[in-house]
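J.: Chains as they are written, first to last, in my numbering: chain L, 1 to 308; chain X, 1 to 263.
Even glycine gets a Cβ: it sits at the ideal position worked out from N, Cα and C.
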Amino acid sequence: MPFLHLNAVCKGFDSPRGRTEILKNIHLEIERGEFVAIVGYSGAGKTTLINLIAGLTHPDSGRITLNDLEISGPGPDRGLVFQNYSLLPWLSVYENVRLAVDQLFPNLSEAKKHQHVQENIARVGLTPAAHKKPGELSGGMRQRVSVARALAMDPQILLLDEPLGALDALTRATLQDEISRLWQESNKTVVLITNDVDEGIYLADRIIPLSPGPAATLGPSTLVDIPRPRNRKRLSFDPSFKRIRQQVIDFLLESNKRRPASITKKLTLPEIEPEDLSVPRPLIGGRKTPIRAREQHRETIERIDAGS
Amino acid sequence: MKQGGFKLDWLLLPCLGSIAVILLWWLSSKTWSKDLPDPLKTWNVSKEYVLEPFAKRGELDQGILRFTLLSLSLVVKGYAIALILGTPLGFCIGLSKTFSKAFDPIFQILRPVSPLAWLPLGMVLFLGAGKNTSELAAIFTVAICSMWPTVLNTAAGVRSIPQDYLNVAKVLRLSRYQTLRKVLLPAALPYMFTGFRLSLGIAWLVIVAAEMLTGRPGVGGFLWQEYNSLIYEHIILCILTIGIVGFVLDRLMSVVENRLKFA
């Protein structure tokens, strides 16, 4: 049996306009120690997928097992790094990590707990900022705290839900290297959700595209056979990189074409235009509607309905 | 230069505004409302109360700060009850849809009821208390009137807690009590304090009305008594005192509130 196993997992949500299938028939097998990247469009259902593995939501059908145990709820064996950091803003960096440690290792001595927290903060290089509040940190630093918190839980598997999605390109690159380093140091199983194909290839052993929703499914898994340590600069000239990238992007583009093309959404544009204050208005009993220059000039403007 | 601008903004302008209002007051007392005491007379008649703020000459003849303290002691009692009841109530409404559906309509109906309407009910409730009836009725009125902002703001605060925080609690498998203490409470605290602050403002408004109706010694009671004894100067003294005390209370709460805000 694989370490993490998703078997025929389906998940949908009921909405007033009927049922929407988010994920359909997801099969996924991940071995211990593997780094797997799942790439897909925004809104494809990537976060739903990771929430299922994390146990925050439950599948409508199908089974998810970790280490042969069925996942029934969230637990500390799966460290989750959220897209939006999810740090508690009233706690300092240290306290955020400490909360996890206190909760998961209640039997450790005070000194051991302190040491464990400090170690994990040091692992992400945040020791100087340990007593700052998340609000005082940059996005990249906040995400590091989130990673430190997940690592401090000492999970069997790390789930990274678009961890670098909200960061600028330079910070992204730095943190990618850091995630790569942390993975190699800790030898933990990692599932990375991302919308950046290059990021997936750079970091992962295996990259799997997720077709766009609704009813998203996983595409063919591609082995990233680029030797580590990988060099970011030379990566884009690597023939394997080009091949894998092409495959994944082809799959994503191809499946996107098959998406239903009609979008039934009514677009109503707000009618906002500045009022022209230079246009004189009667002193008494003025007009209720704003005065606009074009009304003065009796211009005719044809409205073109959107979405026709 | 900058220092000068600062002084102009924070010292000179408020002074100018006050002088303008006092001028208006003086003009009114000289022109269309001859019964209104002018500012100077008001000061002369009231200065005894201000300069000996803690003097006690009789039940309804005490220094102004002594009256203020009497009023405040009732406010504190009623306000404490409002917070002790209101905060858990707000949490229940914020957390449970069922609870919210069951009680929200009745709260919305009770909320706009004037303190003047609650007071007689309070008198009825505590008729058995004999000498303490009016005090208990006043506390009851303060509590029930000032509770609503706390209830509603706490509920709003609890409802607006981002799902992310709750997910963190779930992933860490915090128990219900720990989730409440470590996540819900701190996350809702800024909202709660906004509620506390509004509640305190209302409590202070209510106590004046309650004292006027019951004739208890306090700023409101003094005001009403002096109206009946035709000493109009003291009405103005009381109004100013009520305003200043309310302002100070609000400032104090806003200091605490700002401390609690997190970026």
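Determine the closest residue to L/R98 out of L/W183, L/Q118, L/G12 and L/D196, with distance taken between C-alpha atoms.
T.: Nearest of L/W183, L/Q118, L/G12 and L/D196 to L/R98, Cα basis: L/Q118.
J.: What residues from chain X crowd round L/F35, counting only those whose CB sits closer than 8 Å?
T.: Per Cβ cutoff of 8 Å: no residues; L/F35 is ~21 Å from chain X at best.
J.: First and last residue of the alpha helix (DSSP H) that includes X/K101?
T.: Where X/K101 is concerned, the enclosing alpha helix (DSSP H) stretches over K97 to L110.
J.: Leaving aside the five residues before and after X/W224 along the sequence, list all residues of the same chain whose C-beta is less than 6 Å from its C-beta, in chain order.
T.: M212
J.: Drop a sphere of 10 angstroms on the beta-carbon of X/K131, count the other beta-carbons inside from all chains shown, and report buried for 16 or more, exposed for fewer.
T.: exposed
J.: For L/P209, which beta-bridge partners are listed by DSSP?
T.: L/V39.
J.: When DSSP labels each residue in this structure, what does L/G18 get in the three-state scheme?
T.: strand
J.: Taking the alpha carbon of X/V76 as the reference point, which residue from X/L249, X/R259, X/K261 and X/V255 has its own alpha carbon closest?
T.: X/L249
J.: When you compare only the Cα positions, how much space is there between L/N7 and L/S92?
T.: 40 Å
J.: X/E59: which of X/I93, X/T133, X/T98 and X/E226 sits nearest, CA to CA?
T.: X/E226
J.: Just to confirm, does X/P190 get its C-beta within under 7 Å of one of the non-hydrogen atoms of the ligand NAP?
T.: This structure does not include the ligand NAP; it has no bound ligands of any sort.
J.: Just the chain L side, please: which residues come within less than 8 Å of X/Y191 by C-beta, in chain order?
T.: Those within 8 Å of X/Y191 in chain L number zero; the least Cβ separation is about 13 Å.
J.: Measuring only between beta-carbons, confirm whether L/F82 sits less than 8 Å from chain X.
T.: yes
J.: So L/V197 and L/V39 are in contact, right, with Cβ under 8 Å, and what is the actual spacing, rounded?
T.: 5 Å
J.: From L/A152 to X/G157, what distance separates their C-alpha atoms?
T.: L/A152 and X/G157: Cα-Cα distance of roughly 30 Å.
J.: Give me the residue from X/F140, X/A188, X/R251 and X/S18 with the minimum Cα distance to X/L264.
T.: Absent from the structure is residue 264 of chain X, since the part of chain X shown begins at 1 and ends at 263.
J.: Could you give the first and the last residue of the continuous alpha helix (DSSP H) run that contains X/S160?
T.: Looking at the DSSP string, X/S160 is not in any alpha helix (DSSP H), and its letter there is neither H nor E.
J.: Listing by chain order, which chain L residues have their CB less than 9 Å from the CB of X/K97?
T.: Result: empty, since nearest Cβ-Cβ is about 17 Å, beyond 9 Å.
J.: Would L/F13 pass as an interface residue toward chain X - the criterion being a Cβ-Cβ separation below 8 Å?
T.: No, its Cβ sits nowhere closer than 8 Å to a Cβ of chain X.
J.: List the residues that DSSP assigns as beta-bridge partners of X/Q62.
T.: As DSSP reads the structure, X/Q62 sits in a beta bridge with X/K56.
J.: Which residue from L/L158, L/P229, L/S211 and L/I50 puts its Cα closest to that of L/I201?
T.: L/P229
J.: Is DSSP giving L/L182 helix, strand or coil here?
T.: helix
J.: Using the Cα positions of X/R181 and L/K257, report the straight-line distance between them to the nearest angstrom.
T.: 50 Å
J.: Report the rounded CA-to-CA distance for L/L56 versus L/I30, giving the unit in angstroms.
T.: CA-to-CA, the gap between L/L56 and L/I30 works out to about 20 Å.
J.: Would L/L52 and L/I157 qualify as a contact pair, given that the criterion is a beta-carbon distance under 8 Å?
T.: In this structure, L/I157 does not lie closer than 8 Å to L/L52 by Cβ.
J.: Using the Cβ count rule (16 or more neighbours within 10 Å means buried), how would you classify L/M1?
T.: exposed
J.: Hey, does L/Q156 have any beta-carbon neighbour from chain X nearer than 8 Å?
T.: no
J.: Kindly indicate the opening and closing residues of the beta strand (DSSP E) around L/T189.
T.: T189 to T194
J.: If you check the beta carbons only, do L/T217 and L/N25 fall under 8 Å apart?
T.: yes
J.: If you measure between the beta carbons of X/V219 and X/I244, is that distance less than 8 Å?
T.: no
J.: Could you say which of L/C10, L/R19 and L/N84 lies nearest to X/N167 if we only look at CA atoms?
T.: L/N84
J.: So, under 8 Å CB-CB, X/Q62 and X/P217 are touching, yes? Tell me the CB distance rounded to an integer number of Å.
T.: About 7 Å separates the two Cβ atoms, so the contact holds.
J.: Would you identify the three-state DSSP class for X/V206, choosing helix, strand or coil?
T.: Helix at X/V206.
J.: Can you check whether the CB of X/I64 is closer than 8 Å to the CB of X/V50?
T.: yes
J.: Considering only their Cβ atoms, is the gap separating L/R144 from L/A100 smaller than 8 Å?
T.: Taking 8 Å as the Cβ cut-off, L/A100 and L/R144 do not qualify as a contacting pair.
J.: Under the three-state reduction of DSSP, which class applies to X/A20: helix, strand or coil?
T.: helix
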